[in-house]
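*Asks:* Anchor point for the sequence shown: position 523 equals 523 in the UniProt record's numbering, and the numbering is continuous, going up by one each time. Ideal placement from N, C-alpha and C gives every residue a C-beta, glycine not left out. This is the structure I have questions about; it appears just below.
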Amino acid sequence: MEERLTMKAEPSANPSPQDRSAPSPQRSVEVAAPATIEEAKTATVAAPLVEAGPAFPPQPRPSITQVAEAAPVQPQCSTAPSTSTTLAAPESAPRVKKPPIQTSVDQPTESEQIRSRKSSSSSQKSSKSRRARKEELTREFENCLEQVLTWLLEAEEELSLLDEVDENDLKTVRKQFKDFENFMASLTESQDTVGRVLHRSKLNCLSWEKTLISCFRTNVQVDEGESSDERVGALELSLHSIGERWRAICEWAEVRASQLDGLAELCAQTTEVFNTLCEWLKQREHELLGLKSAHHLEEPEQVAEQVRKLQRAEAALEAEHGSFVRLSQLSCELVARLEKGNGAAANEVRRRLDTVTQRWDNLVARIEEHSRTLVQSGKADVRQFLAATGAQPGPSAIEQKVKADRVVKPTESSLKVTTMEAAAADTGETTTDTEPEEATHQIVERFLRHVEKLTAEMEPLQAWTSTFSVSRKPDQVRKMISICQEKLMEIKDQEAKVNRLQLELEHMHLSADLTPAHLKRANDAFEKFAKGWARIVTKISEAMNVLTGHDEADEEQVVAKGIEQWIEGCDKVLTELMRTTKEERAKRLEKLEQQLETQQGNLTFIEKDPLKKAILKKGLDIVKKRIDGMSEEPSTSKSEGDLNAELEGEWCTVGDVAALDKEVERADKAVEVARSGNMSSETVEKAETRRAEMVERRRATSAALEKMKAAEEGMQSIAASVEATSSSDISLSGAITELKHARERLASYENLKKEAERAAEKMLALDDNVPQTITTTTRNRLRELSERWRELENAIEDHLNCARKEQKRSVQKTISNEERLLEQLEKRLADSEKASDAEECCEHLDNLESLLERVDTTLDVDDEILSMDESYVRDSFARLNDSRRRLADATRERIASLSRAVADCERFEKQMADIQQWSAHVSTLLDLRKSGDVSALDVPDEYKSAFESGTLVQELAREFASWTTALDETATWLEEGERKHNERFHDQFTHARNTFMELSQKFADFKHPKGFEEKIERIVHKLEDIENSLDDMTGIEAIFCSEALAEAKSLVKKLIAIEEDVNSLEKGKEQLIQEGIFDKESAAPFAEKIRLSKKKTKELGLRAEDAVERLEDCVEMYNKLLNESEQVEEFLDQLEDRLEKYASEDKAQDEEVVDELVSEWNRHESSLRNLEELERLLRENAVKVSEGVCADKRRRADALKMRLDGWSRTVQVCMCELICFFFD
C-alpha cells in the first residue's frame, strides 16, 4: 500500500460502493485537526461549505469502511463532509433525501460534482508528478553518494601510498611536505562538494517532513488496489492515536487558559482592597491612641467625648466591615486559584489576610475593653451606648461579625458571675422594679434559650471529649493532630457565640430590672455551660500538648510553678484573714486546708528535681503551720464612709513599684472590706476600680522600668563588649569583627529602646497628676539613654575607623615584636637547660612563665595577613606561627620539667636512703639462702608474715620490680639537662645501682633459670628471621625463583625444628611450676611468649608451605615462558626475513603469498597470548618478569602485523583495479 498526502482545495462527495470496482479507485478518510483551539471552536461557523468536521467529535470514530458506506453515492472523493455527518456517521445511517432548504449545505449540486471530478483528476496527476520528482531526487542523491564513496576510496589509497617521513634528508622532507599540502587541498575541495550534497539532502528531508506535517491536517488517501483490511485498520489506529493526543493538548491549553483568565485582574483587585483596608486600619489605630483609661476621665464632658469616640469607631467598623468581607472573599478565591500552581504565593496571601484579621480583632478588642471599663467604673451606662446607636440591649453588630480570640475559663467565669451577682443583689435592695414582671421573665428566658441552643450545638464536642483518647503510635500521631485541629477549628467557630452570650449576661447584670433570683438562675446556667466549654478546651489542649511532644519535665515545671503561685497567693490570703471575722476566717481556713491537701498531692508528681520538691514541701509545711497556728484576733472593720473617703483620697501615682505594691495590697484590702462588710455595689465597684487602677499603674510602671532597664543593660553590655574589644589583645580583624557585631547588636536593641520609650510615655499618660519629679526623672532617664545610645554608636564607628587604620600598619610591627619575643623566649629556654639545683630551676621557672603568658596573649593577625597581597609577609607570618607553636609547646614542657625538678631532687635523696636500708635487709636474706634453708629466725621482721604464708618470693619479686622501676626513672631523670653533670647525684646513684644489681643477680640466680629464658629468646629471634625471609620472597625476580624455592624448603625444615623446641619449652614451663620455681603470675609472661611462639610457628609454617607451592609453580611457569619466548622469537625472525624477501621481490601483488604470511602470523598469535598469560600469572604470584621476555615480542609482532595489513590492503586495491579494468 502506498500512502499519499494531498491538500484539497474544494469539497467533493465520497465514492459510492459501485465505484470501488473501477480501476485504481481512491477512498478519502477525513482526519482534519484545527491548528489552534479557536479554529476548533469556530470551524463550523466560519466555513460551513468547506468544513472539515470537529477536531475530536464526542461520538466514537467510525472506520474507513463505515464512512464510505454511510456517505451518499457520488462518483468522486471528497474531503468536505456535511455538517451533520462525516466521521461520526453511524454504520447504518439511512440514505434519505434531505429537504431542499438543506441542499446547499448537505448535498453538492451538479456543478459542484463536476468541479469535484476535475479536482480529483488533477490531484491524481499532481500526485504522479510528485512521485516522479521524488524518484528523480532519490536517484540524484544516490549518484552523489556514489561519488562521495569513490572519492573516499581514492583519498584512502592516496594516503596509504605516501612515504614515511625521512627525518634526516631535508630535500625529501620538503617534497613530502609539498605532497601532503596538495593532498590536503584536494581534501578541502572535495569536502565542500560533500558538504553541499549532504546539506541539500538535509534540506530536502526537512522540506519533506514539513510537507508531511502540513498535509496530515487534510486527509489520507489509500490505494484500494494495493491495500488490505489489516493495513487499513493499522492506519485507522494511528489516526485515532494522533487525534487523542491532539485533543489532550487542546484540553490542557483550554484548562490553562481558563486558569489564567482573570488572574491578573483578581490579584490587582485583591492588592488594591488590601492596601485600602490597611490604610484605613492605620487611621483607626491612630484615632484609638487618643483614648484614655476610665480612671483618667474625671469630668462628664470627657466621659461623653470618650463615648462619642467609641461610638464613631464602632460605626466606622460596621461601615467598613463590607470591605473586610470582600477582602476575605477575594483572598479565598485567589488562594483557591493559586494553591495548585503556586503554593508560596497562596501562603503569602493567607499571611496578609491573617495580618489584617489580627489588626481588625485588636481594634474590636480595644473598643470593647474601653466600653467595658467605662461601664464597670460607673462613669457611663450601657444604655448610653445603646441610645446613641438606637440598638436594643444585646451584642453589637461588630461583636456579631468578628471573632475575638478569647477562651472562657471556668474560674474567671465563676468569679465574674459571683461579682455581678453581688452587685445585682445590692442594686435590687436599693431600687424598685419599674418594668413588668413578664418583660423581665422574657429576658431571662431568652438568655436561657440561647444557652440551651449553644449547649445543644456543643453536644457533639462533649461526646467527642468523653470518647477521645490520645494515641502516641507513630502511624497515628499525624491523624490525631489532624483530629484535634479540626475540633479546635470548631471551637473557634463557636467562640463568637460564647462571647455574645457572655456580653448578654454582663448586660443582664448591669440592668437594674432583674431580681437576684433571675440573676442566680442565669448565672447557674452560664456557669454550667462554661464548665463544659472548659472541659472541651482542656481536652484539646492536653491532647495537642501530648501529641506535639511536651515532655514530663515541662509538666513537672508547670506543676511546680502552680504550687509556687499558690504558696504566694496563700501567704497574701492568710495575711488578709487576720482582718476578717471569726466565722469568715474559719470558713476560708477550711477551704485553704482543702487546697493544701490538693497541692500536697500535686507535689508527688515532681520526681526529676528533688531539690525543687524539697523547697516546695518546706513551703507547704510553713503554710500548714500558719494555718494550724493562726489565732483568732478581733478584727476591726471600717465604715462605708471611711472606706469611700479612703478610696477618694490620695493614692500613689506611677513611677514607684514598691509604693504601688503597697497600694495594690491596700486596694485589695479595701475590696475585701467592701465585700465582707456587705457594702453597697457602688462602693464595691469603686474599690474594684481603684484596685484595677493600681494594678494597671503597677503593671505599666513595672513594664516601663523593666524595658528601660533592659535597654540600659543591653546598651551597657554592648558598651562593655566594645570597651573590652578596644582594650583587649585580640587581633585587629577580631576587633573589627567584634565591633561590627556590637553595631549589629546595637541596631537589634533599637526596637527595645523604642519599646522602652513607648512604655515610659504610656506610663506617664496613665495619670494626669504625675509628680513633676517623676516625669522629669523618667524623661531625663530616656534622654540620657538616647544620648548614651548615640554616643555608643559614635564610639563604635570611631573604634571601627581606628581599627581599620591601625590594621594597615600593624602587621609588620606585630611580626617584628613577635620575633623579638620568640628570640628572647628561645634564649631563656636554652639558659634553663643548664639549671641543676632547685634555686636555679625556680629562677628560670618564673622567667619562662612570664614569657609564655606574653606569647599566649600575643595579637593574632591571621585575618590581616590573609587580606594582604604580599606573599613574603604571609610566608614570614606562617613561619612565625610555627615558631610560636613550637616554642610555646617547648616552654610548657620545660616549665613542667622545672616544676618537677625541686621535688625530684628531694625524692632522689629519700630514694637513695631507702634503697640502702632495703638492700641491707634483702642482702642478708639472700646470703642466708646460699648455705641452706631459711628459718623463721633468720628472716627480718618485715618479711616474717610473707615467709609464714609462703609468699616470700613473690613479695621480694614485687619489691625488686618496684625498685627497678624507681631506679630506671631516676636514671632517666639524672640524664636530663644539667643533672648529667652533677657528680654528687651520679655518685650516689651509681653506688645504689651497683648495690641493686648485685642483689638482682643474687635474686635472679635464685629465682629464674637463665637457660629457659635464653632458649625462648632464641626461638623468638629465629621466628623473626624466618618471617623476614618469607617477606623477602614477595616481589622477587623470575630468574631467582629457583634459589628462593630452595630457601623456602629450608625454612620449612627450620620451622619443624622450632615447633619441637616450643613443645619442649612448654613442658619445661610446667615442670618449673611444679617445682615451685615459678608461680602462675611469674610464669604468665613465659606462657604468653610460648603461646605466641607456637602460634607464630604455625602461621609461618603455613606461609612457608604456600611459598614453596607458589615458587614451584612460578619456576615451572617461568621455564614455559622462556621456551615460548624462544619459539616466538624464532617465528618473528623468520617472518621478518620473509617479509623483507617479499618486499625485495617483484611480487607485490601476489595475493597468495600475503595470505600465507597472514595465516602464518595468525597461527602463532596464540603463542603471544600464551606469553602474556604466563606473564600475568607470574605477576599475580608476586614475581617480576623483565620486559625483554614478552613486551618486546609483542611490539615486534604488532609492527609485523601492521606491515602485513598494509600489504593485504595493497593487494586488495590492486585486485579491485584489475576487476574494474576487466569489466570495463
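Skipping 5 residues on each side, what residues in its chain have a beta carbon closer than 7 Å to that of Q599?
*Replies:* Your numbering for residue 599 matches position 599 in the sequence shown. Closer than 7 Å at the Cβ level, and outside the excluded window around Q599, lie I563, W566 and L620.
*Asks:* Tell me, please, which residues DSSP counts as bridged to I1036.
*Replies:* As a first step, residue 1036 is located in the sequence shown; it is residue number 1036 there, counting from the start. According to DSSP, which records beta bridges pairwise, I1036 is partnered with V1183.
*Asks:* Select from T653, I730 and T683 the residue whose C-alpha is nearest the C-alpha of R699.
*Replies:* Position 699 of the sequence shown, counting from 1, holds the residue named residue 699. Comparing Cα positions, the closest option is T653.
*Asks:* Which residues mark the beginning and the end of the alpha helix (DSSP H) in which R247 is found?
*Replies:* To locate residue 247, count along the sequence shown from 1; it is residue 247. D229 to L260 is the span of the alpha helix (DSSP H), which, as asked, contains R247.
*Asks:* Using CA atoms only, rank isn't needed, just tell me which of D1032, F1012, F1040 and E1112 is closest to N1063.
*Replies:* Taking the sequence shown and counting its residues from 1, the one referred to as residue 1063 is at position 1063. Considering only alpha carbons, the answer is F1012.
*Asks:* So, do the region 714 to 723 and the region 788 to 797 have three or more beta carbon pairs nearer to each other than 8 Å?
*Replies:* The region 714 to 723 is in contact with the region 788 to 797.
*Asks:* Give me the Cα-Cα distance between C1220 and T150, rounded to the nearest whole angstrom.
*Replies:* Here residue 1220 refers to the residue found at position 1220 of the sequence shown. Here residue 150 refers to the residue found at position 150 of the sequence shown. If you take the alpha carbons of C1220 and T150, they lie about 13 Å apart.
*Asks:* Along the chain, where does the alpha helix (DSSP H) that runs through T465 open and close?
*Replies:* Working through the sequence shown from its first residue, we reach residue 465 at position 465. E459 to T467 is the extent of the alpha helix (DSSP H) around T465.
*Asks:* With E646 as the anchor, note down where its alpha helix (DSSP H) starts and where it stops.
*Replies:* Taking the sequence shown and counting its residues from 1, the one referred to as residue 646 is at position 646. Segment E640 to E648, the alpha helix (DSSP H) holding E646.
*Asks:* Flag this pair as yes or no: are the beta carbons of R993 and F985 separated by less than 9 Å?
*Replies:* Walking along the sequence shown from the start, residue 993 turns up at place 993. Walking along the sequence shown from the start, residue 985 turns up at place 985. Not closer than 9 Å, so no.
*Asks:* Might you give, ordered along the chain, the residues of its own chain that have their beta carbon closer than 8 Å to the beta carbon of N602, omitting 5 neighbours on each side?
*Replies:* Residue 602 sits at position 602 when you count from the first residue of the sequence shown. Counting only Cβ-Cβ distances below 8 Å, and skipping sequence neighbours, we find V559, G562 and I563.
*Asks:* Roughly how many angstroms separate the alpha carbons of E3 and T138, rounded to a whole number?
*Replies:* Sequence index remark: in the sequence shown, residue 3 carries index 3 (1-based). Sequence index remark: in the sequence shown, residue 138 carries index 138 (1-based). Because E3 sits at a pLDDT of 37, beneath the cut-off of 50, its placement in the model cannot be relied upon, and the point is left open.
*Asks:* Going by beta-carbon coordinates alone, are A1083 and K1069 separated by less than 9 Å?
*Replies:* Stepping through the sequence shown from its first residue, residue 1083 is reached at position 1083. Stepping through the sequence shown from its first residue, residue 1069 is reached at position 1069. The answer is yes: Cβ separation under 9 Å.
*Asks:* Between the alpha carbons of A710 and I730, how many angstroms are there, rounded?
*Replies:* Against the sequence shown, residue 710 aligns to sequence position 710. Against the sequence shown, residue 730 aligns to sequence position 730. About 28 Å.
*Asks:* Quick one: grab the DSSP three-state call for K669.
*Replies:* In the sequence shown, residue 669 corresponds to position 669, counting from 1. The answer is helix: DSSP assigns K669 an H, G or I state.
*Asks:* Helix, strand or coil for residue 1238 per DSSP?
*Replies:* With the chain represented from 1 up to 1224, any question about residue 1238 goes unanswered, as that position is not in the structure.
*Asks:* Would DSSP call residue 1277 helix, strand or coil?
*Replies:* The displayed coordinates of the chain run from 1 to 1224. Any statement about residue 1277 would go beyond what the structure contains.
*Asks:* Go ahead and pull the three-state DSSP assignment for A936.
*Replies:* Taking the sequence shown and counting its residues from 1, one reaches residue 936 at position 936. Legend: pLDDT at A936 = 48, less than 50; position of this residue unreliable, no value from coordinates given.
*Asks:* Got a sec? Which residues, its chain only, sit under 8 Å from I1019 by beta carbon, not counting five neighbours each side?
*Replies:* Sequence index remark: in the sequence shown, residue 1019 carries index 1019 (1-based). The answer, listed in chain order, is I1058, D1061, V1062, L1065 and S1093.
*Asks:* Could you please give the first and the last residue of the uninterrupted alpha helix (DSSP H) stretch that includes I736?
*Replies:* Here residue 736 corresponds to residue number 736 of the sequence shown, with the count starting at 1. L732 to S748 is the extent of the alpha helix (DSSP H) around I736.
*Asks:* As an exercise, report each continuous beta strand (DSSP E) stretch of at least 3 residues that is fully enclosed by the region 763 to 819, in chain order.
*Replies:* Within the region 763 to 819, no complete beta strand (DSSP E) run reaches 3 residues.
*Asks:* Of the choices A756, A719, K754 and L161, whose alpha-carbon is the least far from that of K740?
*Replies:* Position 740 of the sequence shown holds residue 740. Cα-wise, what sits closest to K740 is A719.
*Asks:* Report yes if the CB atom of A964 is closer than 9 Å to the CB atom of S1000, and no otherwise.
*Replies:* The residue given as residue 964 occupies position 964 in the sequence shown. The residue given as residue 1000 occupies position 1000 in the sequence shown. Correcting the residue identity first, residue 964 is Thr in this sequence and not Ala. The answer is yes: Cβ separation under 9 Å.
*Asks:* Measuring CA to CA, which of V364, E299, L289 and N275 is closest to R326?
*Replies:* In the sequence shown, the residue the question calls residue 326 occupies position 326. Checking every option, the nearest Cα to that of R326 belongs to N275.
*Asks:* May I have the straight-line CA-CA distance separating L363 from S331, to the nearest angstrom?
*Replies:* Counting from 1 along the sequence shown, the entry for residue 363 is found at position 363. Counting from 1 along the sequence shown, the entry for residue 331 is found at position 331. L363 and S331: Cα-Cα distance of roughly 21 Å.
*Asks:* State the CB to CB distance for the pair A760 and M694, rounded to an integer number of angstroms; the pair is presumed to be in contact (CB under 8 Å).
*Replies:* Here residue 760 corresponds to residue number 760 of the sequence shown, with the count starting at 1. Here residue 694 corresponds to residue number 694 of the sequence shown, with the count starting at 1. Contact flag wrong, Cβ pair sits at about 19 Å.
*Asks:* Do L845 and L800 have their C-beta atoms within less than 9 Å of each other?
*Replies:* What you label residue 845 is simply residue 845 of the sequence shown in a count that begins at 1. What you label residue 800 is simply residue 800 of the sequence shown in a count that begins at 1. It is not a contact, given that the beta carbons lie outside the stated cut-off.
*Asks:* Assuming H286 is part of the alpha helix (DSSP H), what are its boundary residues?
*Replies:* Taking the sequence shown and counting its residues from 1, the one referred to as residue 286 is at position 286. Run containing H286: L263 to L288, per the alpha helix (DSSP H) assignment.
*Asks:* Exposed or buried, which one is L1030 when buried takes at least 16 other CB atoms within 10 Å?
*Replies:* Locating residue 1030 in the sequence shown gives position 1030, counting from the first residue. The residue is buried, with at least 16 neighbouring Cβ atoms inside 10 Å.
*Asks:* For E30, count neighbouring C-beta atoms within 10 Å of its own C-beta (all shown protein chains included) and say buried if the count is 16 or more, exposed if not.
*Replies:* Position 30 of the sequence shown, counted from the first residue, corresponds to residue 30. The predicted model places E30 with a pLDDT of 40, which falls under 50 and marks its position as unreliable; any figure quoted below should be read in that light. Counting Cβ neighbours within 10 Å, E30 comes out buried, since at least 16 surround it.
*Asks:* Please return the same chain residues whose Cβ sits closer than 6 Å to the Cβ of S92, not counting the five positions on each side in sequence.
*Replies:* Residue 92 sits at position 92 when you count from the first residue of the sequence shown. With a pLDDT of 35 at S92, under the threshold of 50, the modelled position of this residue cannot be trusted, and the question is left open.
*Asks:* Using 10 angstroms around the beta-carbon of residue 1308, count the other beta-carbons present and answer buried if the total reaches 16, otherwise exposed.
*Replies:* Since the first residue of the chain shown is 1 and the last is 1224, residue 1308 is not available in this structure.
*Asks:* Report the rounded CA-to-CA distance for G1206 versus L159, giving the unit in angstroms.
*Replies:* As a first step, residue 1206 is located in the sequence shown; it is residue number 1206 there, counting from the start. As a first step, residue 159 is located in the sequence shown; it is residue number 159 there, counting from the start. For G1206 and L159, the distance between alpha carbons rounds to 12 Å.
*Asks:* My guess is that D1106 and N1181 are in contact by the Cβ rule of under 8 Å, so how many angstroms apart are they, rounded?
*Replies:* Position 1106 of the sequence shown, counted from the start, is the residue given in the question as residue 1106. Position 1181 of the sequence shown, counted from the start, is the residue given in the question as residue 1181. Not confirmed; about 11 Å, so no contact.
*Asks:* So the alpha helix (DSSP H) R326 belongs to, where does it begin and stop?
*Replies:* As a working mapping, residue 326 is identified with position 326 in the sequence shown. Residues P300 to L338.
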